[in-house]
Structure formats: structure tokens, C-alpha cells
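Undergrad: To convert, note that position 326 of the sequence shown is 338 in the numbering used here; the numbers rise steadily by one, no gaps.
Below you'll find the structure I mean.
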Amino acid sequence: MNQTNFVGLLLTTLCSNYPPESNLIKDDDGNFTTRAPDTGNTTGFECTLKDGDQLEKDILRGKHLRIATFRYDWPMSRVEKDKNGVLRGSGIAFQIIETLRKQYGFTYSIVAPSKDILGDEKSGILELLHNRKVDMAAAFLPVLHGRYDSLSWGTELIQNKYYVLMKRPKESATGSGLLAPFEDEVWLLILVSLLLVGPTMYAIIKLRDRLCGGTHSRSFSLSSCAWFVYGALMKQGSTLNPATDSSRVLFATWWVFIMILTAFYTANLTAFLTLSRFTLPIQNIDDIARLSYHWFTRDGGILEFAIKVETDLNVLRYSAARGFGHFVNVKNFDQVKSLIAKDWLYLEEKRELMYFMMNDYINKTMIQVLEKDRCTYVLTADSYLTRSTAFAYPKHSILPALFNRVMLSYVESGIINHLASYNSLSDTQICPLNLHNKERQLRNADLLTTYYVVVSGFITAAVVLVCEIIWRKLSGNGAGKAVASWKVEEIFDIQEKKPRFAIWRRAFNSMLKDAPRKEVNGREYYVVRTKLGEERLIPVRPLSSFLFQKR
């Protein structure tokens with residue numbers, strides 16, 4: 013470049029009034045022609061310096077920028093070849109680039125990385141920036157302040173939130189069976205009350221009898237008190253008739269407690285079977301490690317980088333070190349579906365997970381899958397990671413200083429968020445956590461607890477029976493043989509046939525020996541009086557005894 017051209021270029025760059033306006037010259041024929049100014053002759057020329065805005069607008073004019081981006085990150089960015097084989101960009105990132113191009117007057121070409129990933133110094137978009145193979149990256153990259161000294165970051169554009177996608181469980185994490193209405197602590201306290209209230213009643217009644225005594229005092233055995241507590245819980249009646257005020261208050265208190273408890277249980281059970289919200293076993297990343305779930309995410313993506321470098325995802329790093337975390341090619345949809353079908357968890361940015369769910373839902377709709385079977389996947393309710401995104405530049409690039417002010421105005425005016433929401437599925441409900449199904453029929457799983465109770469009861473009864481038999485065999489007192497030799501008709505016979513085996517005579521011999529008899533409706537009764545002076549009738553021969561009478 014000769015000195016004249018250099019001076020002209022310098023004056024064009026710095027002076028707002030250079031080159032001077034062209035002069036109209038009248039030729040010999042009387043026509044006016046335009047003569048270009050003499051850029052080489054600057055004698056007597058006074059330069060008016062450009063202001064800052066003019067310098068910024070002109071500094072890139074005519075320049076050519078190399079821009080890197082993802083091949084497919086819709087709606088943020090996407091690269092396609094035109095009919096001439098030239099890469100053309102689209103999406104929100106290139107809407108911004110086109111606005112900047114018109115304002116600053118530059119041209120650009122697109123450079124796609126060999127691997128369509130974020131990468132590092134050796135691969136992906138970060139490798140292009142690190143080695144200065146491109147002038148900027150027009151993609152919504154996660155901001156990694158302090159991680160790479162060779163990079164500069166532009167204005168933060170939007171925030172990406174990362175969620176967990178999993179196969180929709182058949183049952184809610186809170187349960188839907190008979191134990192669902194109460195938490196484990198409540199059931200434990202109910203069990204403790206069953207064990208303690210019976211002995212407490214027995215102790216208080218005994219203490220009252222010892223301190224107060226009286227003719228109206230009535231004592232109950234420990235087994236009777238314990239059985240009353242259990243029977244009240246099962247809404248059964250009781251033959252116990254307390255005679256003192258203190259024991260009556262005890263019995264009434266337990267009945268009121270059981271009434272309130274059963275009312276709450278019935279109401280909550282109805283709510284759980286009809287209106288309960290569906291919950292997932294995974295609430296945060298700590299649950300992933302605690303429950304030893306297998307999980308996967310994009311190979312070379314932001315999560316892989318964050319898990320390996322950042323401290324706020326140490327739980328996932330330890331899980332990956334134990335073999336539960338995997339980094340795969342998530343663009344292979346069939347592979348992703350097969351992994352999720354094995355109850356693996358898919359960790360990724362919400363937008364990508366929503367598109368994955370939408371594509372699966374559309375495909376099932378096209379092949380006419382039943383409505384209730386279309387929502388195979390579900391997202392966790394809350395995000396576990398939030399990262400800001402921005403354009404990236406090589407270190408010491410002048411582009412951030414030029415572009416940041418313009419892009420900041422876009423962010424503050426809401427243009428970026430508008431474009432992101434307009435082109436995304438952020439407001440679309442695709443297979444939400446609660447499907448709000450109107451039909452709710454009891455399933456076999458809802459009654460599973462009932463089956464457990466029945467089986468456990470029969471097993472317990474069988475074990476107790478075996479223990480009784482062993483106890484009688486080991487006692488050696490002959491009582492077992494005597495009882496085993498009784499016949500049914502002998503037990504219930506109150507005639508003089510075998511009086512030593514007559515249960516009724518043995519039990520009431522002393523009481524009924526001189527008791528008067530009374531005939532009521534053709535049946536004969538003993539007339540006896542209780543300790544309280546009440547008159548009672550006892551059948552001489554119950555009708556049920558005829559069932560065992562020999563013919």
C-alpha cells in the first residue's frame with residue numbers, strides 16, 4: 013500500500029467529512045458531470061473527527077466474520093446447506109446476527125464444528141474459539157466464567173433450566189393403597205397407642221380399686237382391656253361394662269379418639285383415591301444418588317462439563333464415578349427411548365426434553381395409541397440446575413464491546429425472551445405430571461395392603477397354633493390328652509350322663525344349685541341376681557345345644 017492510499021484510508025476512518033463531497037463540473041457541451049474528490053491532495057483540508065458511535069458503526073463495515081454455531085439446536089440455532097452448498101444459519105441466534113450485520117455492515121460465513129457439541133479445547137465449538145478459528149460463536153452457550161482464559165463472553169441472554177425426564181411411574185411416590193392416607197410416623201404412633209393404652213387402662217382401674225374400693229368397683233383383666241382397645245379400633249362392640257366414673261371416662265376417651273381417627277382415615281383415603289396429586293420418587297439430584305438410579309445426558313454437553321468441573325453437582329460426579337452416570341449421543345432417539353425404558357433418567361435442558369416428549373406423543377397419536385397410554389414420560393416438577401447463556405468470543409476480541417450494548421437493549425426490552433417463548437414449547441403442557449383423569453377405578457394394587465394383612469394374619473395364626481401344640485407336648489401335665497379325649501356332645505351335655513365333662517354344670521354349679529326357675533315363651537330359665545342386684549335370666553338348655561344332641 014503506497015503512502016497516498018494509506019493517508020486516504022486513515023482519513024476515511026477518522027474524519028467524518030472525508031472524502032469531501034463530489035463537485036459538479038460543467039463540460040464543454042454544457043452537461044454537468046460528477047468528479048471524484050482528490051483523495052491524495054489533502055492540502056488545506058481540515059479533518060472533523062468522527063464521534064464514538066460513528067467509529068463503532070464503521071469499524072466493522074466491509075469486514076468478514078467467521079461465525080461458529082451448532083448444526084441443530086432449534087429454535088436457538090440451526091445450520092443448513094443451500095443449493096450452492098453454502099451453510100446458512102437460522103433460528104433466534106441468527107435473527108440477532110442479521111440485526112447486527114445490518115447495523116455494522118459486516119459480512120459473515122458459518123463454520124460448523126466437526127462434533128456438534130460444546131466440547132473443550134480439543135473438540136466442539138470451544139475448540140474453534142480457543143484456537144481462534146472463528147471470530148465468534150452465535151449460539152446460546154452456557155456462560156463459563158473463570159473456566160477458560162482464552163474466551164470472552166457477551167451479554168447474558170436467557171437462562172436455561174435443567175430437569176430430569178423419566179418413565180412415568182404407575183403409582184405415585186406417596187402411595188395409593190390403604191396405608192397412603194397417613195404418614196409412616198402416624199401409623200407408628202397408632203401402633204404404639206394400641207400397645208400402651210390397654211395396660212394403661214388396666215393400671216388406672218387397678219389403682220382406683222386399691223385406693224377407693226367400694227361395692228360398685230369392677231375390675232377387668234389385662235387381656236380384657238387390651239382386647240377392648242383392639243376391638244374399638246376395629247369398630248367392634250364390647251361386653252365390658254365399667255361401673256366407676258374414672259373407668260367410664262377412660263373407655264369413652266378411647267372411643268372418641270378412635271372415632272376421630274377413623275373419620276380422618278376415611279376422608280383421606282377417599283381423597284387419595286380420587287383427588288390426590290401424583291408425585292415422583294425423584295425430587296432433586298440428591299435422590300438420584302441416594303436411590304442409585306442410572307442416568308444419562310448428552311455427550312460433550314454442558315452437563316458433562318458441569319458435572320466434571322463444578323462443585324454444585326458433586327452428587328452426580330460421585331454417582332458417575334460409581335458407574336451410574338453415562339454420557340451418550342442423545343440424537344439417537346431409539347437409543348434414548350431404550351435407556352428410559354430400562355428406568356434410566358434423562359438429564360437435559362427443559363426445551364430439549366419437551367421436544368423429545370412432543371415427538372413421542374405425536375408419533376403415538378399417529379399410530380392411534382390409546383389416549384391413556386400416550387404419556388409415557390414425565391418431567392420432574394422443579395429444575396436442579398440453572399445456567400445463563402450468551403454468545404462467546406476469543407479472548408481480547410473487539411466484538412463484545414461492539415455487540416454487548418445492542419444485545420443488552422434487546423434483553424432489557426424483552427425481545428430475546430419473546431423470540432425464545434414464541435419459538436419454543438415453554439408454555440405448552442405436554443404430558444404434565446398430573447394427567448387429571450376423571451375416571452378412577454380401584455386397581456388391584458390399591459388393595460395390595462389388604463392381601464398382605466390377610467396373609468400375615470393366617471401365617472401368624474398358624475405359627476401360634478404350632479407354638480400351642482409344642483407347648484402342650486413339652487408341658488407333660490396330661491392336660492392336652494384330657495382335652496383331646498373330650499367329645500363335642502359331652503362338652504355341651506348338661507344331663508347326668510357324664511357330669512364331670514359338662515361345661516355348663518361345672519361353671520354354674522354353685523350359682524344355679526338353688527336358683528329358682530321361670531318359664532318364658534315356652535322356654536325354661538334360671539333366675540339369678542348379679543352383684544348390683546340386677547335380675548338376669550339364664551337358659552336352662554340353650555337351643556344351640558340341640559345341634560350336638562345324639563339321635
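In this text, a Cβ means the ideal position worked out from N, Cα and C, and glycines have one as well.
1) Report the three-state DSSP secondary structure of residue 441 (helix, strand or coil).
2) Go ahead and label residue 546 buried or exposed: buried means 16 or more other beta carbons lie within 10 angstroms of its beta carbon, across all protein chains shown.
3) When you compare the CB positions of residue 81 and residue 129, do they come within less than 8 Å of one another, or not?
4) Just confirm the distance between the C-beta atoms of residue 344 and residue 311, as a whole number of angstroms; I'd bet it's less than 8 Å.
5) DSSP three-state call for residue 115: helix, strand or coil?
6) Counting only the same chain and skipping the five closest in sequence on each side, list residues whose C-beta sits under 8 Å from that of residue 100.
7) Can you look up residue 195 in the DSSP assignment and give me helix, strand or coil?
8) Roughly how many angstroms lie between the CA atoms of residue 355 and residue 297, to the nearest whole one?
9) Hey, is the segment 162 to 178 in contact with the segment 350 to 369, meaning 3+ C-beta pairs nearer than 8 Å?
10) Using DSSP with H/G/I as helix, E/B as strand and the rest coil, what is residue 85?
11) Just to confirm, does residue 180 get its C-beta within under 7 Å of one of the non-hydrogen atoms of the ligand PLP?
12) Closest to residue 416 by C-alpha separation, out of 165, 483, 119, would be which residue?
13) Assuming contact is defined by CB atoms lying nearer than 8 Å, are residue 162 and residue 142 in contact in what I supplied?
14) If you measure between the beta carbons of residue 78 and residue 146, is that distance less than 8 Å?
15) Would you kindly report the start and end of the unbroken alpha helix (DSSP H) that includes residue 318?
16) Using beta-carbon positions only, say whether residue 422 and residue 412 come within less than 8 Å of one another.
17) How would you call residue 266, buried or exposed, if buried means at least 16 neighbouring beta carbons within 10 angstroms?
18) Quick check on residue 491: does DSSP put it in helix, strand or coil?
19) Thinking C-alpha only, which one of 475, 139, 72, 151 is nearest residue 87?
20) Counting pairs of Cβ atoms below 8 Å between the segment 319 to 327 and the segment 258 to 275, do you hit three or more?
21) So, with DSSP's three-state summary, where would you put residue 416?
22) CA-CA distance, residue 76 and residue 400?
23) Could you spell out the range, first to last residue, of the alpha helix (DSSP H) harbouring residue 234?
24) Which term fits residue 307, buried or exposed, when burial requires 16 or more other beta carbons within 10 angstroms of its beta carbon?
25) Which class does residue 306 belong to by DSSP, given the choice of helix, strand or coil?
26) Would you decide whether residue 394 is buried or exposed? Buried here means 16 or more other CB atoms lie within 10 Å of its CB.
27) With burial defined as no fewer than 16 other Cβ atoms inside 10 Å of the residue's Cβ, what is the status of residue 167: buried or exposed?
28) Since I believe residue 179 is in contact with residue 377 (beta carbons under 8 Å), could you give me their beta-carbon distance rounded to a whole number of angstroms?
29) From residue 295 to residue 149, what distance separates their C-alpha atoms?
30) Closer than 8 Å by C-beta to residue 216: which residues in its own chain qualify, once you throw out the five before and the five after it? Chain order, please.
TA: Per the coordinate set shown:
1) Numbered from its first residue, the sequence shown carries residue 441 at position 429. Residue 441 falls in the coil class under three-state DSSP.
2) Taking the first residue of the sequence shown as 1, we reach residue 546 at position 534. By the 10 Å Cβ count, residue 546 comes out exposed.
3) Counted from its first residue, the sequence shown places residue 81 at position 69. Counted from its first residue, the sequence shown places residue 129 at position 117. No, they are not a contact pair.
4) Taking the first residue of the sequence shown as 1, we reach residue 344 at position 332. Taking the first residue of the sequence shown as 1, we reach residue 311 at position 299. About 11 Å separates the two Cβ atoms, so there is no contact after all.
5) In the sequence shown, the residue the question calls residue 115 occupies position 103. Residue 115: helix per DSSP, three-state reduction.
6) The residue you call residue 100 lines up with position 88 of the sequence shown. Answer for residue 100: 91, 92, 93, 94, 122, listed in chain order.
7) Translated into the one-based positions of the sequence shown, residue 195 becomes position 183. Three-state result, residue 195: coil.
8) To locate residue 355, count along the sequence shown from 1; it is residue 343. To locate residue 297, count along the sequence shown from 1; it is residue 285. Taking the straight line joining both Cα atoms gives about 16 Å.
9) yes
10) Taking the sequence shown and counting its residues from 1, one reaches residue 85 at position 73. Three-state DSSP puts residue 85 in a strand.
11) The ligand PLP is not part of the structure shown, which contains no ligands of any sort.
12) Indexing the sequence shown from 1 puts residue 416 at position 404. It is 165.
13) Working through the sequence shown from its first residue, we reach residue 162 at position 150. Working through the sequence shown from its first residue, we reach residue 142 at position 130. Contact flag set, yes.
14) Sequence index remark: in the sequence shown, residue 78 carries index 66 (1-based). Sequence index remark: in the sequence shown, residue 146 carries index 134 (1-based). Yes, the pair counts as a contact, with Cβ atoms nearer than the cut-off.
15) The residue given as residue 318 occupies position 306 in the sequence shown. From DSSP, the alpha helix (DSSP H) with residue 318 extends over 314 to 321.
16) Position 410 of the sequence shown, counted from the start, is the residue given in the question as residue 422. Position 400 of the sequence shown, counted from the start, is the residue given in the question as residue 412. No, the Cβ-Cβ distance between residue 422 and residue 412 is not below 8 Å.
17) Residue numbering aside, residue 266 sits at position 254 when the sequence shown is read from its first letter. It is buried - the Cβ of residue 266 has at least 16 other Cβ atoms within 10 Å.
18) Looking up residue 491 in the sequence shown gives position 479. Here residue 491 scores only 48 on pLDDT, less than 50, and its place in the model should not be relied on; the value that follows carries that caveat. Helix.
19) As a first step, residue 87 is located in the sequence shown; it is residue number 75 there, counting from the start. Among 475, 139, 72, 151, the Cα nearest to that of residue 87 is on 151.
20) no
21) Here residue 416 corresponds to residue number 404 of the sequence shown, with the count starting at 1. Correct three-state label for residue 416: helix.
22) Within the sequence shown, residue 76 is the residue found at index 64, counting from 1. Within the sequence shown, residue 400 is the residue found at index 388, counting from 1. Whole-angstrom Cα-Cα distance: 28 Å.
23) Here residue 234 refers to the residue found at position 222 when the sequence shown is read from its first residue. First-last of the alpha helix (DSSP H) with residue 234: 234 to 245.
24) Counted from its first residue, the sequence shown places residue 307 at position 295. Residue 307 is buried by the Cβ-count criterion.
25) If you number the sequence shown from 1, residue 306 lands on position 294. It is coil, neither helix nor strand.
26) Position 382 of the sequence shown holds residue 394. Residue 394 comes out exposed.
27) For the purposes of this step, residue 167 is taken as the residue at position 155 of the sequence shown. Buried, by the Cβ-count rule.
28) Residue numbering aside, residue 377 sits at position 365 when the sequence shown is read from its first letter. Residue numbering aside, residue 179 sits at position 167 when the sequence shown is read from its first letter. With a Cβ gap of about 19 Å, residue 377 and residue 179 do not count as contacting.
29) By 1-based counting over the sequence shown, the position of residue 295 is 283. By 1-based counting over the sequence shown, the position of residue 149 is 137. Straight-line Cα distance between these residues: approximately 35 Å.
30) Here residue 216 is taken as the residue at index 204 of the sequence shown, counted from 1. Here the set comprises 258, 259, 262.
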